[in-house]
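Enquirer: In this note's numbering, each residue's number is its place in the sequence shown (first place is 1) plus 2. Heads up, the beta-carbon is just placed ideally off N, CA and C, and yes, glycines get one too. Just so you know, these numbers come straight off a predicted model, no measurement behind them.
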Amino acid sequence: MCGFGRYLAAALAARFASEGMGMAVVLLALERTGDAAYGAFVLTAWLAPHVLAAPLAGAAAARARSPRLFHVGALAGFTAAVAALAVLLGRAPAPAVFAVAVLGGACGPMVTGGLSSLVAGLFPPGPGRDRAYGWDASTYNAAGVTAPAAISLVAATGSAASAMALPAAAGALATVLAATLPYGPPRAGGPPGGPGVGVGAGLAALWRVRELRAITSATTLAFVGIGSLTTTSVLLAADLGNPGAGGVLMTAFAVGALGGSLTLGRITAVAPGRLAVGALAGTGVALAGAAFAPSVAWAAAAFAVAGVCDGPLLTATLRIRSDHAPDGVRTQVFTLGAGLKLTAASVGAALVGFAAGAPPWTLLLGIAGLQSAAALLHAALTRGSVPPKAVTAPSAAAATAPTGPPTPGGP
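#1: Buried or exposed: where does ALA392 fall if 16 or more other Cβ atoms within 10 Å of its Cβ makes it buried?
#2: Comparing C-alpha positions only, which one of THR319, TYR135, GLY275 and SER263 sits nearest to VAL310?
#3: Using C-beta distances below 7 Å, list every residue in its chain close to ALA149, excluding the 5 sequence neighbours before and after it, in chain order.
#4: Is ALA94 helix, strand or coil by DSSP?
#5: With a Cβ-Cβ cutoff of 7 Å, do TYR185 and ARG70 count as a contact?
#6: With a CB to CB cut of under 7 Å and the five nearest residues on each side skipped, what residues in its chain are close to GLY248?
#7: Determine the contact status of ALA167 and ILE153, defining contact as a CB-CB distance below 7 Å.
#8: By Cβ distance, which residues of its chain are closer than 6 Å to VAL113, with the 5 residues on each side in sequence left out?
#9: Going along the chain, which residues of its own chain have a beta-carbon closer than 6 Å to the beta-carbon of GLY173, five neighbours each way excluded?
#10: Distance check for HIS380 and ALA163, CA to CA, integer angstroms please.
#11: Buried or exposed for THR402, going by 16 or more other Cβ atoms inside 10 Å?
#12: ASN244 by DSSP, collapsed to three states: which one?
#13: Could you check the C-alpha separation between LEU10 and PHE43 for me, to the nearest Å?
#14: Should ARG268 be labelled buried (16 or more other beta-carbon atoms within 10 Å of its own) or exposed?
#15: Quick check on the DSSP output: what are the complete beta strand (DSSP E) runs of length 3 or more inside the segment 229 to 276, in order along the chain?
#16: What's the call for ALA360, buried or exposed, on a 16-neighbour Cβ count within 10 Å?
#17: Kindly indicate which three-state DSSP category ASP325 falls into: helix, strand or coil?
#18: Note down the Cα distance separating SER397 from VAL335, rounded to an integer number of angstroms.
#19: Just to confirm my understanding: we take VAL287, look at its own chain, exclude 5 residues before and 5 after, and list those with CB closer than 7 Å. What are they?
#20: Go ahead and label VAL99 buried or exposed: buried means 16 or more other beta carbons lie within 10 angstroms of its beta carbon, across all protein chains shown.
#21: Is GLY196 helix, strand or coil when you go by DSSP?
#22: On the premise that GLY258 lies in contact with GLY350, defined as a C-beta separation below 8 Å, what is that separation, rounded to the nearest angstrom?
#23: Over what stretch of residues does the alpha helix (DSSP H) that includes ARG166 continue unbroken?
#24: Starting from the C-beta of THR265, find all residues in its chain whose C-beta is less than 7 Å away, skip the five residues before and the five after it, and write them out in chain order.
#25: Count the other C-beta atoms from every protein chain shown that fall within 10 angstroms of the C-beta of THR384, then say buried if there are 16 or more, exposed otherwise.
#26: Would you identify the three-state DSSP class for GLY7, choosing helix, strand or coil?
#27: Would you mind sorting GLY202 into buried or exposed? The rule is 16 or more other CB atoms within 10 Å of its CB.
#28: Alpha carbon to alpha carbon, what distance is there between SER140 and ALA301?
#29: Would you check if the segment 61 to 70 and the segment 29 to 49 touch, i.e. whether three or more CB-CB distances between them fall below 8 Å?
#30: In terms of residues, what are the limits of the alpha helix (DSSP H) holding TYR135?
#31: Using the beta-carbon count (16 or more within 10 Å), is LEU14 buried or exposed?
#32: Do THR337 and ALA145 count as a contact pair if the criterion is CB distance below 7 Å?
#33: Could you spell out the range, first to last residue, of the alpha helix (DSSP H) harbouring VAL1?
#34: Can you grab the Cα-Cα spacing for the pair LEU277 / ARG321, in whole Å?
#35: Could you compute how far the alpha carbon of TYR135 sits from the alpha carbon of PRO314?
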């Protein structure tokens, strides 16, 4: 296992901190300033650097002489920014608060895709690595379920300042655990900082390698819809006569996603591309059904089914990135993919804000349509591709090692 248990603990703690930040910042701003919009602006400053920082973080990780120091330093910077916001928000001038948020957000890609890129160094290619990515994906979903609930509970029983301490503590735990992980040299390829490991190399790989281009395009399109799902769920719940049940719908989706990642996401006999298409299509169908639900209970059931379908998508995405990313830019590929998805989610959140006056069921149908369109886009971009076992892999490691389980459609 090579420290995989410690990795999962570090990843869960880091993603708990990341998932809890949004709600904690807004609640803290509301408590100290009476203005939730201020918290939203701080959160925007936190998220905005992700897509710009992703290629820089990935390139820096590839060139780092000490990967351990780089990853631990990024997590420490992330944690320090969370702790600083807990102290400064509502007390210091807004420009200083926004500056801290931007700096902390710049470390964000290493908490998401950057950490996931380490799994390839813990397992050789094959079913074991595929299952490991299933467990890694479950840390995102588990954090998505537990972080908002814990933040809300602490804020309700104590204060928003106490709630803000939770992501800071989780980030500190992740930093300590990350320091204990094994960081070995790349399995193949040149030394860090070698030829071709520039800031744009990861972006070039995402475009040049068909499988990476397909999964990145599809998930980015899908996340325009996912980013608007939270607001839409609140509007849908209000339309169904229970304005406070939007959180119930999103919890049902998150619980379903966790279950999907722990079950369907661990199926290694299915090629990850097919798994991604099935996950996107299933999510679209289930959300379309939720648009016509007659009650919150039925809508919650449909949201849970949508979550189950969505759960394997991240596992499939991580497997595709690991299998097809060139060794020298693997971290860039992971961080860029995560940054593009977060940016797409931000766009979706803004779009639904402009369309908030439309009937909620039409908004949900639009989200469902984006998931279906993403499935079709992935299928179109990979049409006619040769099965992975017959393809010349884009990295030296993939060219000399088995690429997955010995099944006809295996990754």
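Expert: In this structure, then:
#1: Bear in mind that the predicted position of ALA392 carries a pLDDT of just 35, short of 50, making it unreliable; the figure below should be weighed with that in mind. ALA392 comes out exposed.
#2: SER263
#3: PHE18, GLU21 and GLY22
#4: coil
#5: yes
#6: SER235, VAL236 and ALA239
#7: no
#8: ALA16, SER20 and PHE80
#9: ALA19, PHE80, THR81 and VAL84
#10: 43 Å
#11: Reliability of the predicted coordinates at THR402 is poor, the pLDDT of 31 falling under 50, and the value obtained from them is presented with this limitation in mind. By the 10 Å Cβ count, THR402 comes out exposed.
#12: coil
#13: 32 Å
#14: buried
#15: none
#16: exposed
#17: helix
#18: Because the pLDDT of SER397 is 39, which lies under 50, any placement of that residue in the model is unreliable, and the question is left without a value.
#19: none
#20: buried
#21: At GLY196 the pLDDT is 42, less than 50, meaning the model places this residue with poor confidence and gives no usable figure here.
#22: 20 Å between Cβ atoms; not a contact.
#23: In the sequence under discussion, the amino acid at residue 166 is Met, which differs from the Arg named in the question. Looking at the DSSP string, the run of the alpha helix (DSSP H) that includes MET166 is 162 to 180.
#24: none
#25: buried
#26: helix
#27: exposed
#28: 24 Å
#29: no
#30: 129 to 159
#31: buried
#32: no
#33: Any property of residue 1 remains undetermined from this structure, which presents the chain solely from 3 to 413.
#34: 10 Å
#35: 10 Å
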